[in-house]
Amino acid sequence: MKKILTVCFSMFLTVLSFSNDKLIRIAASVYPMEKIVRIAAKDLEKKGYKVEVRVLTDYKTANIGLNAGDLDANFHQHEPFMNFFNKKANAHLVKVRAIYDVYVGFYSKKHKSINQLPKGSTIAIPNDPTNQSRALLILQKAGLIRLNKHNGLASVNDVIWTKNSYKFMQIPIPSLVQAYQEADLVFNWPSHMRKIGVSVKDALLKEKDGNNTYAIILASRSDNKNSKKIKDLEKAMTSKSVKDFLRKEYKEEGYPVF
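Going by our numbering, the sequence shown opens with residue 3, and the numbers climb by one from there.
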């Protein structure tokens, strides 16, 4: 009887292992990230995988879940954001592949051009260090502010001059859409602005970064990056179907980098 139970338990573990090998749990943010993952999932399902897509708006939660092993991968961030999380949380997330980049920029509901910004205008920017630095560098390139020279991430504390006594609102990324109604100028992603009917064409300033530093990446952990299912996930997310979607339906807002 004991031998039979041992054999049955061994068979159960084998089935469970096979099931886990064919289950991919991935967290993705909203459009276009969720859409890309679901396109990839169709190819993966043909290979016998079951893909669980968890749509999250809290980027930190998605990283905590991945690092803890509750997820196999996530798709919502750029590499500088991931690296900052790793440093702060002593985590072991890694880039699998860069998938697409985005035309981020600054928008205004109150003004038609940068030259119309009045004295004391409020500029809304992200409060996380990597994206705040990104936003400030765009403003500096446009001649609206000047920053201290250093090699690290820039923050509002590094602003040594503004063109017209501008004030900064430092807020979480999900709140930037609401800030569009209140601030004179707001940094945001085109996918977030499209939710309130604002086109990327309406941006008063756009990022001009040709090296894809902030491309959105597929991320996993150092202990599963080389697993077969992550390799298959990477292949599915860099397929012709995904590239066609980005080139045709997302061309005004971003572009593939694979």
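Think of the CB as a built atom: it goes at the ideal place given N, C-alpha and C, for glycine as much as any other residue.
*Ignore the nearest five residues each way along the sequence and tell me which others in Lys52's own chain have a CB closer than 8 Å to its CB.*
Lys24, Leu25 and Ile26
*asked:* My output table needs one value for Asp246: the three-state DSSP class, helix, strand or coil.
replied: helix
*Kindly indicate the opening and closing residues of the alpha helix (DSSP H) around Pro192.*
Pro192 to Met195
_Exposure label - Ser193; buried when at least 16 CB within 10 Å_ = buried
*Fully enclosed by the stretch 42-128, which beta strand (DSSP E) runs are 3 residues long or longer?*
52-57, 75-80, 95-104, 107-109 and 124-128
*asked:* Pull the bridge partners of Phe170 from the DSSP assignment, please.
replied: Ile125
*Compare the C-alpha of Leu139 against each of Tyr252, Thr240, Ser157 and Ser177 and name the closest.*
Ser157
*DSSP on Ala181, reduced to helix/strand/coil?*
helix
_Tyr109 versus Leu141 - alpha carbon distance_ = 12 Å
_By alpha-carbon positions, which one of Val202, Lys97, Leu178 and Leu220 ends up nearest to Gly256?_
Val202
*In the DSSP assignment, what are the bridge partners of Ile147?*
Thr164
*With a Cβ-Cβ cutoff of 8 Å, do Met84 and Ile219 count as a contact?*
yes
_Checking 8 Å against the spacing of the C-beta atoms, do Ala137 and Phe189 come in under that value?_
yes
*Can you tell me where the alpha helix (DSSP H) with Ala238 in it begins and where it stops?*
Lys230 to Met239
*Look at the Cβ atom of Ile28, then the Cβ atom of Val55, and state whether they are nearer than 8 Å.*
yes
*Taking the alpha carbon of Ser224 as the point to measure from, which residue in His80, His78, Lys97 and Asn150 has its own alpha carbon closest?*
Lys97
_Status (buried if at least 16 other CB within 10 Å, exposed otherwise) for Gly145_ = exposed
*Below 8 Å between beta carbons: does that hold for Leu248 and Tyr33?*
no
_Alpha-carbon to alpha-carbon, Lys242 and Arg148_ = 42 Å
*Beta carbon of Gln79, beta carbon of Ala221: below 8 Å?*
yes
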